[in-house]
Amino acid sequence: ATPPTSSVSPSSLRTAPHLIIPERRTMSNKERLVAALQTIHNTTNASEREGANKWVADMVKSTDCWALALDLLNENEYILRFTGAQMISTKVRKYWSQLESDEQQEMLIRKAGEFLMLATTQDEPIRNQLVQAVAAAAVFGHNHWKSFFNDTIPVATNASTSTEIRYIIVLVLAAITEEMESRLLSRDIVVSFRDACITNKLSLLRLVSTLVNDNRTPATLKNAALTLGKTWVKFEIKINHLNQHNLFHPLFELCYSLEYFETA
Numbered sequence: 018a019t020p021p022t023s024s025v026s027p028s029s030l031r032t033a034p035h036l037i038i039p040e041r042r043t044m045s046n047k048e049r050l051v052a053a054l055q056t057i058h059n060t061t062n063a064s065e066r067e068g069a070n071k072w073v074a075d076m077v078k079s080t081d082c083w084a085l086a087l088d089l090l091n092e093n094e095y096i097l098r099f100t101g102a103q104m105i106s107t108k109v110r111k112y113w114s115q116l117e118s119d120e121q122q123e124m125l126i127r128k129a130g131e132f133l134m135l136a137t138t139q140d141e142p143i144r145n146q147l148v149q150a151v152a153a154a155a156v157f158g159h160n161h162w163k164s165f166f167n168d169t170i171p172v173a174t175n176a177s178t179s180t181e182i183r184y185i186i187v188l189v190l191a192a193i194t195e196e197m198e199s200r201l202l203s204r205d206i207v208v209s210f211r212d213a214c215i216t217n218k219l220s221l222l223r224l225v226s227t228l229v230n231d232n233r234t235p236a237t238l239k240n241a242a243l244t245l246g247k248t249w250v251k252f253e254i255k256i257n258h259l260n261q262h263n264l265f266h267p268l269f270e271l272c273y274s275l276e277y278f279e280t281a
């Protein structure tokens with residue numbers, strides 16, 4: 018299996034002196050991970066590289082992955098934070114069905130919020146990994162659509178919520194449709210998602226409208242909101258709904274065609 022470390026620069030491993038592992042018999046998971054990364058990127062021995070890849074892949078599948086990944090996300094070294102985020106994304110998006118039910122519940126109820134808070138302080142590559150992980154968890158945990166939307170849309174609409182948190186929530190809501198469209202999913206998931214979108218379409222339009230039509234909204238957040246609106250207009254949102262929220266022209270300019278819109 019390919020470990021979630023392919024985007025890491027080998028040179029950064031060689032030039033980070035504090036990543037050197039102390040010589041001792043018992044190593045922590047973090048120390049073993051760093052040693053594996055050094056092997057993967059610096060060693061030409063195929064057998065050693067294969068062993069290091071396997072260790073990382075096995076760690077991602079294990080229950081220890083959560084604690085290790087969170088530990089890495091709080092490191093100063095970029096390479097470790099990126100690896101931690103990619104481990105979480107791979108675990109959720111690739112191995113969700115292999116998680117115990119209590120792990121799935123923990124991800125949906127507690128860890129998702131923790132990852133989103135961490136995402137607000139990270140740069141784009143790390144942030145995107147965490148956003149994708151939460152979006153995938155929302156898709157796989159589709160029985161929780163109602164509570165998920167009830168927990169996120171009002172927070173993002175609330176003007177007292179920080180710009181950073183609103184931005185992350187908007188990114189997750191947009192990423193959910195991307196996750197849906199990139200997978201072969203059961204009919205139950207597809208139907209429940211469409212029903213949830215139709216039920217929440219007006220709330221989501223209010224969110225997009227609030228962000229797009231407020232001159233105080235930062236450009237990055239406004240663009241993210243427009244992208245979110247574009248991904249959702251296919252869910253029985255009619256032109257008159259968009260006109261009511263002053264969104265038709267901004268979204269039309271973004272989409273370049275009317276193929277997404279139903280006639281009023």
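In this text, residue positions in the sequence shown follow our numbering: the first is 18, and each later residue adds one.
By construction, the Cβ of each residue, glycine as well, lies at the ideal position given by its N, Cα and C atoms.
Source: prediction; values computed, not measured.
Tell me the rounded alpha-carbon separation between Tyr112 and Glu131.
In the sequence shown, residue 112 corresponds to position 95, counting from 1. In the sequence shown, residue 131 corresponds to position 114, counting from 1. Spanning the two alpha carbons is a distance of roughly 20 Å.
Which whole runs of the alpha helix (DSSP H) in the stretch 85–117 are 4 residues long or more, in chain order?
95–112
Segment contact flag, the stretch 168–188 with the stretch 205–215, C-beta cutoff 8 Å, min 3 pairs:
no
Closest to Glu337 by C-alpha separation, out of Gln139, Gly246, Leu133, would be which residue?
Nothing about residue 337 can be reported from this structure: the residues present for the chain run from 18 to 281 only.
What is the rounded straight-line gap between the Cα of Thr244 and the Cα of Ala191?
Working through the sequence shown from its first residue, we reach residue 244 at position 227. Working through the sequence shown from its first residue, we reach residue 191 at position 174. If you take the alpha carbons of Thr244 and Ala191, they lie about 7 Å apart.
Using C-beta distances below 6 Å, list every residue in its chain close to Ile105, excluding the 5 sequence neighbours before and after it, in chain order.
As a position in the sequence shown, residue 105 is number 88, starting the count at 1. Within the same chain, Ile105 has close Cβ partners Ala86, Ala150.
Could you tell me the alpha carbon to alpha carbon distance between Leu54 and Leu147, rounded to whole angstroms?
By one-based count along the sequence shown, residue 54 stands at place 37. By one-based count along the sequence shown, residue 147 stands at place 130. About 20 Å.
For the alpha helix (DSSP H) that contains Ser179, what are its first and last residues?
By 1-based counting over the sequence shown, the position of residue 179 is 162. Ser179 -> no alpha helix (DSSP H), and no H or E assigned at all.
Do you know how far the Cα of Asn62 is from the Cα of Ala52?
Taking the sequence shown and counting its residues from 1, the one referred to as residue 52 is at position 35. Taking the sequence shown and counting its residues from 1, the one referred to as residue 62 is at position 45. When rounded, the distance between both Cα atoms is 14 Å.
Whole angstroms is fine: what's the gap from Pro39's alpha carbon to Ile185's?
Position 22 of the sequence shown, counted from the start, is the residue given in the question as residue 39. Position 168 of the sequence shown, counted from the start, is the residue given in the question as residue 185. Only weak support is given to the placement of Pro39: the predicted model assigns it a pLDDT of 49, under 50, and the value that follows is read from those uncertain coordinates. Distance between the alpha carbons of Pro39 and Ile185 is about 38 Å.
Opening and closing residue of the alpha helix (DSSP H) in which Thr227 lies:
One-based indexing of the sequence shown puts residue 227 at position 210. Where Thr227 is concerned, the enclosing alpha helix (DSSP H) stretches over 204–229.
Selected residue, minimal CA-CA separation from Gly101, among Ala154, Glu67, Ala74, Leu222:
Here residue 101 refers to the residue found at position 84 of the sequence shown. Answer by Cα proximity: Ala74.
Under the three-state DSSP convention, the category Met76 falls into:
Translated into the one-based positions of the sequence shown, residue 76 becomes position 59. Helix, per DSSP.
Going straight from the alpha carbon of Thr178 to that of Thr169, what length do you get?
If you number the sequence shown from 1, residue 178 lands on position 161. If you number the sequence shown from 1, residue 169 lands on position 152. About 11 Å.
With 16 other Cβ atoms within 10 Å as the buried cut-off, status of Lys163:
For this step, residue 163 is matched to residue 146 along the sequence shown. It is exposed - the Cβ of Lys163 has fewer than 16 other Cβ atoms within 10 Å.
For the candidate residues Val187, Val156, Gly246, whose alpha-carbon lies nearest to that of Leu238?
Along the sequence shown, one-based indexing puts residue 238 at 221. Distances from the alpha-carbon of Leu238 to those of Val187, Val156, Gly246 put Val187 closest.
With DSSP collapsed to three states, give me the class of Arg233.
Within the sequence shown, the letter at position 216 stands for residue 233. Note: Arg233 maps to coil in three-state DSSP.
So for Arg127, helix, strand or coil by DSSP?
Along the sequence shown, one-based indexing puts residue 127 at 110. In the structure shown, Arg127 sits in a helix (DSSP, three-state: H, G or I).
Considering only residues of the same chain and omitting the five flanking positions on each side of Asp81, which have a CB-CB separation below 7 Å?
Here residue 81 is taken as the residue at index 64 of the sequence shown, counted from 1. For Asp81, where only same-chain residues beyond five positions count, the Cβ hits under 7 Å are Asn46.
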